[in-house]
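Peer 1: Could you have a look at this structure, given as structure tokens, before my questions?
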Amino acid sequence: MAIPTEIKHETPQHGAAPSTTSVHPLDPLTAAELEEAVRILARERHLGDNIRIASINLIEPAKSVVEKYRTGSPFERKALAVLMDRVKHSSYEAVVDLVNKSVPSVTPLPSEVQPSIMLDEFSECEQAVRRSPLFKEALKKRGVKDADLVMVEPWSAGMYGTEVPEDKGLRRMRALCFVRSEPKDNGYARPIDSMVIVVDLYKMDVVRIEEYPIAPLPPEPGNWAREYIPNMRKDLKPVEIVQPEGVSFTVEGNQVEWQKWKFRVGFTSREGLVLHTISYTDDGVERPILYRASICEMVVPYGDPREQYYRKNAFDIGEYGLGMLANSLALGCDCLGVIHYFDFPLVDSHGTVTPLKNAVCLHEEDFGILWKHTDWRTGQSEVRRSRRLSVSFIATVGNYEYGFYWYFYQDGSIQCEIKLTGIMNTTALAPGEQPQYGMEIAPQLNAPFHQHIFAARLVPTVDGPNNSVVEVNTVSVPTGPTNPHGNAFVAEETVFATEKEAQRRVNSASARFWRVVNPSKKNRLGRPVGYRLVPGENCPPFVQPDAAVMRRAGFTSNHVWVTPYDPKERYAAGEYPNQHPTGDGLPNWTKANRKVDNTEIALWYVFAHNHVPRPEDWPVMPVAMLGFQFRPDGFFEQSAAMDVPPPPAKDHCCH
Ligand SMILES: [Cu+2]
């Protein structure tokens with residue numbers, strides 16, 4: 000095995016004994032375990048000055064192991080470390096056994112594949128640009144006097160088949176630049192539209208600067224920090240969320256119980272928040288629903304075809320890692336009420352472990368009415384307030400923020416909601432120029448059309464391991480002898496037998512939705528028990544099917560994919576989308592057209608927010624939301640929310 004042997008320094012020992020130890024096979028690696036993994040890698044001579052750690056995450060044990068696990072019994076703890084040798088230009092996957100304190104396997108990655116971009120590389124890339132004489136010269140040419148006020152924004156380089164020979168085999172980033180007028184100014188208000196700085200991340204050196212026609216800087220600032228907003232409204236009175244008797248949920252380690260729900264909170268450096276073993280206790284019986292749920296990939300394709308911009312297609316999960324970019328949430332700001340926070344540790348590319356405080360927020364929310372009816376004849380009236388449990392985290396990816404929220408409801412529904420906010424990426428316009436592929440959002444400032452496309456990976460276990468997916472389309476019945484008045488319409492069901500049949504798009508014309516059913520478990524009405532995947536806002540990708548980005552973003556060509564469950568098929572664009580020459584993931588795996596009927600499956604739901612920018616999205620975009628719901632459909636005998644009690648009498652409203 001071609002593994003690095005040169006060790007210049009031992010990895011420093013970090014702190015004292017572990018303050019927390021893992022207590023369940025699915026618990027993310029603790030800080031102590033991450034430190035131990037780094038120590039084992041160093042001791043076994045897999046680390047050194049030239050080696051960077053792209054990620055270390057738990058290797059989740061097999062589903063069968065998790066299902067058989069009983070509290071207190073021993074379990075394996077293995078970590079997958081992705082390592083990169085900056086000198087040999089090679090990368091490795093190392094399996095670290097934390098119980099036996101060994102490295103049982105090291106597998107080199109294919110030479111053309113790049114691990115995700117490491118957080119440290121962003122700042123190192125920026126420093127490399129700043130010390131480059133080419134950069135100083137390019138700024139001079141553009142009349143930018145103070146290089147310290149230039150904001151350098153490294154973007155993943157992707158792989159488009161147009162790469163010049165000198166880039167071959169390089170680990171690259173492409174940096175765009177913006178100018179601040181003072182240190183706290185919003186740089187995105189003044190894009191330097193005319194240059195892209197290509198950086199070699201192995202050497203941390205500027206390779207070249209690609210030059211394009213120089214556009215003048217837009218004239219206006221676009222500031223958002225509080226010191227720039229002198230006249231804030233003054234008529235807001237405080238709102239306090241008070242739970243005088245405490246919360247209605249319990250948390251034990253990473254396990255949460257609330258109402259009849261039970262699930263585990265997990266976290267990876269790539270996906271951020273992961274939910275495991277979601278179940279609902281119905282009449283004393285704990286019924287499984289989802290084994291694992293996460294947003295596993297996303298891509299933001301920009302529709303600007305100009306040479307300097309056609310490569311703007313960030314895979315924010317596979318190329319950057321949302322867990323690494325997660326915020327430490329603030330009480331009263333990010334989350335309101337009585338909050339339970341989960342902290343998760345992160346490891347940087349040098350092996351230093353840092354706890355991320357308040358990474359995931361858990362709390363209850365009042366969510367309006369749950370159900371209501373008034374009998375106008377008798378005057379009887381019943382109303383129930385909806386209480387939902389929210390589990391969330393927020394990641395900052397350069398200019399944008401993404402909030403990922405999972406909600407649990409008292410009627411057995413689950414909802415995934417993504418909140419998009421932050422600052423739009425911008426380009427410059429000449430005076431009087433109308434943008435062709437974007438919208439002028441402030442004088443001479445263009446925000447290009449783009450899409451935010453997300454992939455959820457759900458591993459359904461609706462009342463047991465073997466599930467099927469059924470598509471339901473509502474269709475009009477032609478007028479005729481059985482439908483003489485032309486008013487008939489029916490819901491037609493089609494079971495997906497194979498992966499190819501299960502590659503589908505949303506269709507509002509047939510009010511299309513999907514049911515995940517357990518064919519071997521019937522409800523009292525004789526139909527298989529199920530959960531309904533209810534799509535929300537969605538649209539197709541607007542790049543051409545043969546656009547180069549689609550080689551890596553092929554997963555966006557369908558909104559629904561169903562695959563046989565394979566724990567190795569984790570991410571919609573494959574393990575290593577960063578600079579992947581051919582792309583991987585769903586389009587590749589499903590070529591085998593495997594059977595997906597009445598077996599263990601993964602259900603992938605891809606959904607898009609199409610961003611046609613508005614002036615009101617500037618300077619910081621108010622939250623836009625999209626997502627989907629997973630609602631019981633024949634799972635319960637009737638509404639699961641009937642036993643929710645009315646609000647206390649002191650609130651007067653319900654009697
Ligand atoms: Cu957007």
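Each step along the sequence shown adds one to the number in numbering that gives the first Met the number 0, with nothing skipped, and position 239 is 238.
Think of the CB as a built atom: it goes at the ideal place given N, C-alpha and C, for glycine as much as any other residue.
Return the chain-ordered list of same chain residues with a C-beta closer than 7 angstroms to the C-beta of Gly-271, the five sequence neighbours on each side being excluded.
Peer 2: Here the set comprises Leu-321, Gly-322, Ala-325, Phe-392, Ala-394 and Phe-403.
Peer 1: Which runs of the beta strand (DSSP E) fall wholly inside the segment 199 to 279 and span at least 3 residues, in chain order?
Peer 2: Runs found: 204 to 210, 248 to 251, 254 to 257 and 260 to 267.
Peer 1: Do Val-98 and Ala-78 have their beta-carbon atoms positioned less than 8 angstroms apart in this structure?
Peer 2: No. Outside cutoff.
Peer 1: Is the segment 66 to 86 touching the segment 524 to 544, taking contact as three or more C-beta pairs under 8 angstroms?
Peer 2: Output reads no: the segment 524 to 544 does not touch the segment 66 to 86.
Peer 1: Buried or exposed for Glu-32, going by 16 or more other Cβ atoms inside 10 Å?
Peer 2: Buried, by the Cβ-count rule.
Peer 1: Return the first residue and the last residue of the alpha helix (DSSP H) that Leu-40 is part of.
Peer 2: Where Leu-40 is concerned, the enclosing alpha helix (DSSP H) stretches over 30 to 42.
Peer 1: Around the C-beta of Asn-230, are 16 or more other C-beta atoms found within 10 angstroms, so that it is buried, or is it exposed?
Peer 2: Per the 10 Å Cβ criterion, exposed.
Peer 1: Which residues does DSSP pair with His-608 in a beta bridge?
Peer 2: His-608 is bridged to His-451.
Peer 1: Please return the same chain residues whose Cβ sits closer than 7 angstroms to the Cβ of Met-641, not counting the five positions on each side in sequence.
Peer 2: Excluding residues within five positions, none has a Cβ falling inside 7 angstroms.
Peer 1: Looking at the structure shown, is Pro-645 part of a helix, part of a strand, or coil, going by DSSP?
Peer 2: Coil at Pro-645, not helix or strand.
Peer 1: Would you be able to state if there are at least three C-beta pairs under 8 angstroms between the segment 442 to 455 and the segment 416 to 426?
Peer 2: Touching, per the Cβ criterion.
Peer 1: Please classify Val-241 as buried or exposed, where buried requires at least 16 other C-beta atoms within 10 Å of its C-beta.
Peer 2: By the neighbour-count rule (16 or more Cβ atoms within 10 Å), Val-241 is not buried but exposed.
Peer 1: Under 8 angstroms between the Cβ atoms of Arg-171 and Leu-200?
Peer 2: Result yes, Cβ atoms of Arg-171 and Leu-200 sit closer than 8 angstroms.
Peer 1: Using 8 angstroms as the Cβ pair cut-off and three pairs as the minimum, do the segment 346 to 353 and the segment 23 to 38 touch?
Peer 2: Touching, yes, given that three or more Cβ pairs across the two stretches are closer than 8 angstroms.
Peer 1: So, Arg-504 versus Asp-632, is the Cβ gap smaller than 8 angstroms?
Peer 2: Not in contact: Arg-504 and Asp-632 (Cβ atoms no closer than 8 angstroms).
Peer 1: For Thr-106, count neighbouring C-beta atoms within 10 Å of its own C-beta (all shown protein chains included) and say buried if the count is 16 or more, exposed if not.
Peer 2: Exposed, because fewer than 16 other Cβ atoms sit within 10 Å of the Cβ of Thr-106.
Peer 1: Going by alpha carbons, who is nearest to Ala-427 out of Ile-338, Pro-646, Lys-139 and Gln-307?
Peer 2: Closest option to Ala-427, Cα to Cα, is Gln-307.
Peer 1: Pairing CB atoms from the segment 489 to 496 with CB atoms from the segment 466 to 476, are three or more of them under 8 angstroms?
Peer 2: With the cut-off at 8 angstroms, the segment 489 to 496 and the segment 466 to 476 touch.
Peer 1: Buried or exposed, going by whether 16 or more other CB atoms sit within 10 Å of the CB of Ala-648?
Peer 2: By the neighbour-count rule (16 or more Cβ atoms within 10 Å), Ala-648 is not buried but exposed.
Peer 1: Rounded to the nearest angstrom, how far is the Cβ of Tyr-564 from that of Ala-601, given a contact under 8 angstroms?
Peer 2: 5 angstroms between Cβ atoms; contact.
Peer 1: Between which residues of its own chain and Asn-522 is the CB-CB distance below 6 angstroms, once the five residues before and five after are set aside?
Peer 2: Val-528 and Gly-633.
Peer 1: Determine the DSSP secondary structure at Glu-9, reduced to helix, strand or coil.
Peer 2: For Glu-9, the predicted model reports a pLDDT of 34, less than 50, meaning its position is unreliable; a value from the coordinates is still stated below. Glu-9: coil per DSSP, three-state reduction.
Peer 1: Where does His-608 land, buried or exposed, given buried means 16+ other C-beta within 10 angstroms?
Peer 2: When all chains shown are included, His-608 counts as buried.
Peer 1: In whole angstroms, what separates the C-alpha of Asn-398 from that of Gly-626?
Peer 2: Distance between the alpha carbons of Asn-398 and Gly-626: 21 angstroms.
Peer 1: Whole angstroms is fine: what's the gap from Pro-645's alpha carbon to Arg-291's?
Peer 2: Roughly 33 angstroms separates the two Cα atoms.
Peer 1: Would you mind working out which of Asn-357, Ala-639, Met-194 and Gly-331 sits nearest Pro-237, comparing C-alpha positions?
Peer 2: Nearest of Asn-357, Ala-639, Met-194 and Gly-331 to Pro-237, Cα basis: Gly-331.
Peer 1: To the nearest angstrom, how far is the alpha carbon of Met-438 from that of Lys-233?
Peer 2: Going from the Cα of Met-438 to the Cα of Lys-233 covers about 33 angstroms.
Peer 1: Is it the case that the segment 144 to 158 contacts the segment 166 to 185, given that we only count it when at least three CB pairs across the two stretches are under 8 angstroms?
Peer 2: Touching, yes.
Peer 1: CB of Leu-82 to nearest heavy atom of ligand 1: below 7 angstroms?
Peer 2: No; taking the cut-off as 7 angstroms, the Cβ of Leu-82 has no heavy atom of ligand 1 nearer than that.
Peer 1: Express the C-alpha separation of Asp-192 and Pro-212 in angstroms, rounding to a whole number.
Peer 2: Approximately 8 angstroms, taken between the alpha carbons.
Peer 1: Using the C-alpha atoms, what's the distance from Ala-30 back to Lys-356?
Peer 2: So the two alpha carbons sit approximately 12 angstroms from each other.
Peer 1: Alpha carbon to alpha carbon, what distance is there between Pro-190 and Ser-18?
Peer 2: Per-residue confidence for Ser-18 stands at a pLDDT of 37, beneath the threshold of 50, marking its modelled position as unreliable; no derived number is given.
Peer 1: Given a threshold of 16 other Cβ atoms within 10 Å of its Cβ, counted over all protein chains shown, does Ala-53 qualify as buried or as exposed?
Peer 2: Classification for Ala-53: buried.
Peer 1: Could you give the C-beta distance for Arg-383 and Leu-369, rounded to a whole number, given that I count them as a contact under 8 angstroms?
Peer 2: That pair is a contact at about 4 angstroms.
Peer 1: Assuming Met-549 is part of the alpha helix (DSSP H), what are its boundary residues?
Peer 2: Per DSSP, Met-549 belongs to the alpha helix (DSSP H) from 548 to 551.
Peer 1: Span of the beta strand (DSSP E) holding Arg-173?
Peer 2: Per DSSP, Arg-173 belongs to the beta strand (DSSP E) from 171 to 178.
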